[in-house]
Amino acid sequence: MPYPEQKILTIGKSPEYRDSQVRDSILHDVHYDIATSWLVLQRFCSLANLAAQSHGLMPTQLHVQTMASVTYRLLDLNQFQAKSQEEMIRLGLLAFTHHIFLQYQHLKLPYSHFQYLLERSLARKELSDIANPQLTLWILMVAVISIPNLAEDIWLFKSLQTLFQVCNITSWTGLRGFMKSMMWIDVLHDKPGKDIYEAVSTCSDMESTCRAEKGVVFTLS
Numbered sequence: 001m002p003y004p005e006q007k008i009l010t011i012g013k014s015p016e017y018r019d020s021q022v023r024d025s026i027l028h029d030v031h032y033d034i035a036t037s038w039l040v041l042q043r044f045c046s047l048a049n050l051a052a053q054s055h056g057l058m059p060t061q062l063h064v065q066t067m068a069s070v071t072y073r074l075l076d077l078n079q080f081q082a083k084s085q086e087e088m089i090r091l092g093l094l095a096f097t098h099h100i101f102l103q104y105q106h107l108k109l110p111y112s113h114f115q116y117l118l119e120r121s122l123a124r125k126e127l128s129d130i131a132n133p134q135l136t137l138w139i140l141m142v143a144v145i146s147i148p149n150l151a152e153d154i155w156l157f158k159s160l161q162t163l164f165q166v167c168n169i170t171s172w173t174g175l176r177g178f179m180k181s182m183m184w185i186d187v188l189h190d191k192p193g194k195d196i197y198e199a200v201s202t203c204s205d206m207e208s209t210c211r212a213e214k215g216v217v218f219t220l221s
């Protein structure tokens with residue numbers, strides 16, 4: 001199914017979309033279909049936020065075409081190496097599309113397998129190994145929001161703590177602004193996102209009870 005380009009590209013000049021400064025660095029040297037899927041979803045989110053702000057409704061056809069075209073492509077792109085940037089983005093986008101398109105229909109991802117793939121893609125011993133910590137932070141946040149059992153993983157919370165420091169995130173307002181600059185639907189993500197920020201901040205204040213017992217966590221170099 002083709003991307004819904006003619007309709008979705010018309011919002012490319014909206015202030016919300018135009019102000020995003022993260023896009024170019026994320027899409028640099030990324031597989032074409034991964035980059036295109038990112039842009040289509042990013043613009044879909046902008047349209048969803050604008051529709052909510054104006055108390056309007058999104059066209060059903062646009063919703064269905066975006067879901068089908070992006071999801072099928074992402075599922076088909078399974079040739080990347082486990083720890084490549086493309087695989088990390090692909091898995092993050094799959095988690096994101098599941099949450100915005102399918103979760104309300106009570107359709108569940110195969111959580112255990114997907115969690116394994118995600119951890120395999122993200123696990124690194126040093127933060128310096130991560131080419132784009134901003135992108136990694138977005139993917140981790142999306143993963144926790146989209147996959148409930150990930151919220152129980154200590155390694156992930158520890159990783160978020162470190163990435164908050166690296167990305168200079170010191171408040172929920174700052175985190176929300178950062179996530180919106182990437183990809184974010186306010187009515188779907190604000191509440192769980194704020195809950196995650198508060199939980200990670202609380203964990204940081206209770207270091208002795210939040211120490212990772214297993215797995216790999218990101219560490220400051």
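In terms of full-length UniProt numbering, the sequence shown is numbered consecutively and its last residue is 221.
Quick reminder that beta carbons are idealized off the backbone N, C-alpha and C, glycines included.
Treat the numbers as computed from the prediction; the structure is a model and nothing was measured.
Return the chain-ordered list of same chain residues with a C-beta closer than 6 Å to the C-beta of T71, the five sequence neighbours on each side being excluded.
Locating residue 71 in the sequence shown gives position 71, counting from the first residue. Closer than 6 Å at the Cβ level, and outside the excluded window around T71, lie T97.
Is the region 25-42 touching the region 74-92, taking contact as three or more C-beta pairs under 8 Å?
yes
Where L77 sits in the DSSP three-state scheme
Here residue 77 is taken as the residue at index 77 of the sequence shown, counted from 1. Coil, per DSSP.
Roughly how many angstroms lie between the CA atoms of A48 and L117, to the nearest whole one?
As a working mapping, residue 48 is identified with position 48 in the sequence shown. As a working mapping, residue 117 is identified with position 117 in the sequence shown. Using only the alpha carbons, I get a separation of about 29 Å.
What did DSSP end up calling G56 once you bin it into helix, strand or coil?
Along the sequence shown, read from residue 1 onward, the residue named residue 56 stands at position 56. Residue state, collapsed to three classes: coil.
Helix, strand or coil for N49, going by three-state DSSP, please let me know.
For the purposes of this step, residue 49 is taken as residue 49 along the sequence shown, with counting starting at 1. N49 falls in the helix class under three-state DSSP.
For S121, which residues of its own chain have a beta-carbon under 7 Å away from its beta-carbon, when the five flanking residues on both sides are left out?
Locating residue 121 in the sequence shown gives position 121, where the first residue counts as 1. The residues are A82, K83, E87, M88 and L91.
Environment of K158 [buried if 16+ CB atoms lie within 10 Å]:
Within the sequence shown, the letter at position 158 stands for residue 158. Its Cβ being crowded by 16 or more others within 10 Å, K158 is buried.
Buried or exposed by the 16-neighbour rule on C-beta atoms within 10 Å, applied to L137:
As a position in the sequence shown, residue 137 is number 137, starting the count at 1. The residue is buried, with at least 16 neighbouring Cβ atoms inside 10 Å.
From this set, M141, S146 and S181, which residue's C-alpha is nearest L102's C-alpha?
By one-based count along the sequence shown, residue 102 stands at place 102. Minimum Cα distance to L102 is reached at S146.
Select from L188, M141, D186 and S46 the residue whose C-alpha is nearest the C-alpha of E198.
Here residue 198 is taken as the residue at index 198 of the sequence shown, counted from 1. Cα-wise, what sits closest to E198 is M141.
Where do the N-terminal and C-terminal ends of the alpha helix (DSSP H) with T178 fall, by residue?
Numbered from 1 along the sequence shown, position 178 holds the residue referred to as residue 178. The sequence shown places Phe at residue 178, rather than the Thr named in the question. That run of the alpha helix (DSSP H) goes W172 to M182.
Check whether the Cβ atoms of P133 and L160 lie closer than 8 Å to each other.
Along the sequence shown, one-based indexing puts residue 133 at 133. Along the sequence shown, one-based indexing puts residue 160 at 160. It is not a contact, given that the beta carbons lie outside the stated cut-off.
When we look at the beta-carbon of G56 and count the other beta-carbons within 10 Å, is it buried (16 or more) or exposed?
Residue 56 sits at position 56 when you count from the first residue of the sequence shown. Exposed: under 16 other Cβ atoms inside 10 Å.
Coil, strand or helix - A199 by DSSP:
As a working note, residue 199 is residue 199 in the sequence shown. In the three-state DSSP reduction, A199 falls in the helix class (H, G or I).
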